[in-house]
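Student: If you use numbering that gives the first Met the number 0, the sequence shown closes out at 400, no skipped numbers anywhere. Ideal Cβ positions, reconstructed from N, Cα and C, are used throughout, including at glycine.
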Amino acid sequence: MPETITPLSAEFYTNLQSMSKEAIAMEVLKPFIGDEIDEQSLLRIVTETLDFDFPVVHLHDNIYTLELFHGPTLAFKDVGARFMARCFSYFLGAQERVTILAATSGDTGSAVGQGFKGIKGVDVVLLYPKGKISKIQESQLTTIGGNVVALKVAGDFDNCQTMVKEAFADESLKEVRPLSSANSINIARLLPQSLYYFFAYQALAKEGKKLVVSIPSGNYGNLTAGLFAQRLGLPIHQFIASTNVNCTVPDYLTTGAYQPRPSLPTISNAMDVGNPSNFYRMADLFDQDLDAMRQMIKGYTYDDPTTQQTMKEVHEQHHYLLDPHGAVGYLGLCAFLKDHQEYIGVFLETAHPAKFKEVVDEAVGLDMDIPEALQEALQGKKQVVEIGASYRKLRTYLMSE
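1. Going by the beta-carbon positions, is the gap between leucine 73 and tyrosine 195 smaller than 9 Å?
2. By DSSP, does histidine 69 sit in helix, in strand, or in coil?
3. Among the candidates Leu222, Pro71, Lys131, whose CA atom is the shortest distance from the CA of glycine 112?
4. Per DSSP, which one or two residues make a beta bridge with phenylalanine 238?
5. According to DSSP, simplified to helix, strand and coil, what is isoleucine 386?
6. In chain order, what residues of the same chain have a beta carbon less than 7 Å from the beta carbon of tyrosine 219, not counting five sequence neighbours either side?
7. Here's a check: name, in chain order, each residue in its chain whose Cβ is nearer than 8 Å to the Cβ of valine 384, leaving out the five neighbours to either side.
8. Between which two residues does the alpha helix (DSSP H) carrying lysine 129 extend?
9. Since leucine 58 and threonine 349 are thought to touch, with beta carbons under 8 Å apart, how far apart are those beta carbons, to the nearest angstrom?
10. Return helix, strand or coil for threonine 64, following the three-state DSSP convention.
11. Isoleucine 118 to glutamate 341, Cα distance in whole Å?
12. Since lysine 29 is in the alpha helix (DSSP H), which residue starts that stretch and which ends it?
13. Could you say if the stretch 247-267 and the stretch 197-209 meet the contact criterion of at least three C-beta pairs nearer than 8 Å?
14. Would you mind reading off the limits of the beta strand (DSSP E) that contains tyrosine 342?
15. Quick one: measure Cβ to Cβ for isoleucine 135 and alanine 334, integer angstroms, because I've assumed they're closer than 8 Å.
16. Can you tell me which residues form a DSSP beta bridge with histidine 351?
17. Just grab the DSSP bridge partners of aspartate 122 for me.
18. Considering only residues of the same chain and omitting the five flanking positions on each side of lysine 129, which have a CB-CB separation below 8 Å?
19. Give the single residue among Met367, Ala199, Asp288 whose Cα lies nearest to the Cα of aspartate 322.
20. Just verifying my parser: in three-state terms, what is the DSSP assignment at alanine 181?
21. Taking the alpha carbon of lysine 209 as the reference point, which residue from Tyr200, Gly217, Ser104 has its own alpha carbon closest?
22. Does glycine 108 pass the burial test, meaning 16 or more other C-beta atoms within 10 Å, or should it be called exposed?
23. Looking at C-alpha atoms only, which residue of Gln294, Gly273, Ile343, Glu361 is the closest neighbour of methionine 310?
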């Protein structure tokens, strides 16, 4: 965590409407990076990271969506993964070698794998839960090849995440095989996700209403990044933590008791997290003050049938295709705006609906076209290693390679 987060200058916010996304990124990230990366190199990194669009689309009334799926793997994770990969390339010496170890509940794996593909001195090991991600997601992360290895774990995402954390705590392993993370527990993955909120505000500030942002939430990296943006002075008045039935944080906001639990499988699988890592960052930002967190974050929870019905209704009424995660974000935003008409709301659409083709087709009654980038993954050769859901199995694999 940053020791302090100092708001950006009033001049920055005055000029924000006319700034390029690269210029915004430089101003937002420089306070955290300091002189660790020279300005010319940082500009190159953010320019390469942000070389696609982040459109804000009006659905109806005061409701907008920020589309975060226009990157190479069609998911919001592309920004953090591309930024982090380029930072590693900048810092690694010619003779150094590091293993990126990451757990994925769906989209992290392919974004990280593509981001680090071919980066000299970097090996990538991706853990994903067997049978709990979509067919396309699995194809994306298992067909990268080269310096990227996929491990299919006989367990759920929480098992995968726990195994990764145990590896980072194993000093004897790290002496033999230096490790780093590509999950949002790595601050270099999380910080550039703060940019989403500046892009959304830039598009909507002219409406002259208070801004509420609804975030489909699993490991809570995106919501934490939004809180960072707010601490930098961005005028976001309310956050919505929209979840599926894995509702550890909404339950905490209601009861005051944080109770991690085994994750439950849903159609919005990237949010199937029972013990989200970034909850502890959120608690730190609020100095462990539950009342302060409750004032800023509202939690809403939705089951699969409600999510499916919402996907169908939004397509019929507004001619817009939601992925199941975006549908949960939309639901949470609608629930809040029902009693807060003075706000303008945006929800994050975190992945292209075609990544969940079977789910979306069934809910909406379509036979959706698959984008070319996803077709290539489906046709690629899978390279995957199956292991049991224990740290001992992971350690044995890492030590033998």
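Tutor: Put simply:
1. Along the sequence shown, read from residue 1 onward, the residue named residue 73 stands at position 74. Along the sequence shown, read from residue 1 onward, the residue named residue 195 stands at position 196. No.
2. Locating residue 69 in the sequence shown gives position 70, counting from the first residue. Histidine 69: coil per DSSP, three-state reduction.
3. Here the question's residue 112 lines up with position 113 in the sequence shown. Residue Pro71 is the option with its Cα nearest to glycine 112.
4. As a first step, residue 238 must be located in the sequence shown, where it is residue number 239. Val212, Ile296.
5. For the purposes of this step, residue 386 is identified with residue 387 of the sequence shown, where counting begins at 1. Note: isoleucine 386 maps to strand in three-state DSSP.
6. Stepping through the sequence shown from its first residue, residue 219 is reached at position 220. Closer than 7 Å at Cβ, skipping near neighbours: Val248, Pro275, Asn277, Phe278, Met281.
7. For the purposes of this step, residue 384 is taken as residue 385 along the sequence shown, with counting starting at 1. The residues are Val148, Ala149, Leu150, Lys151, Tyr396.
8. Locating residue 129 in the sequence shown gives position 130, counting from the first residue. Note, lysine 129: premise wrong, no alpha helix (DSSP H); not H, not E.
9. One-based indexing of the sequence shown puts residue 58 at position 59. One-based indexing of the sequence shown puts residue 349 at position 350. So it is not a contact: roughly 16 Å between Cβ atoms.
10. In the sequence shown, counting from the first residue as 1, residue 64 sits at position 65. Threonine 64 falls in the strand class under three-state DSSP.
11. In the sequence shown, residue 118 corresponds to position 119, counting from 1. In the sequence shown, residue 341 corresponds to position 342, counting from 1. Cα to Cα, the separation comes out at about 48 Å.
12. Indexing the sequence shown from 1 puts residue 29 at position 30. Per DSSP, lysine 29 belongs to the alpha helix (DSSP H) from 20-32.
13. no
14. For the purposes of this step, residue 342 is taken as residue 343 along the sequence shown, with counting starting at 1. Start and end: 342-348.
15. In the sequence shown, the residue the question calls residue 135 occupies position 136. In the sequence shown, the residue the question calls residue 334 occupies position 335. So it is not a contact: roughly 30 Å between Cβ atoms.
16. Taking the sequence shown and counting its residues from 1, the one referred to as residue 351 is at position 352. Histidine 351 is not bridged by DSSP to any residue.
17. Counted from its first residue, the sequence shown places residue 122 at position 123. Paired residue(s): Thr98.
18. For this step, residue 129 is matched to residue 130 along the sequence shown. Counting only Cβ-Cβ distances below 8 Å, and skipping sequence neighbours, we find Lys151, Val152, Ala153, Gly154, Glu385.
19. By one-based count along the sequence shown, residue 322 stands at place 323. Comparing Cα positions, the closest option is Met367.
20. Indexing the sequence shown from 1 puts residue 181 at position 182. Three-state result, alanine 181: coil.
21. Mapped onto the sequence shown, residue 209 falls at position 210. Comparing Cα positions, the closest option is Tyr200.
22. For the purposes of this step, residue 108 is taken as the residue at position 109 of the sequence shown. Residue burial annotation: glycine 108 is buried, with at least 16 other C-beta atoms found within 10 angstroms of its C-beta.
23. Here residue 310 corresponds to residue number 311 of the sequence shown, with the count starting at 1. Ranking the options by Cα distance to methionine 310, first place goes to Glu361.
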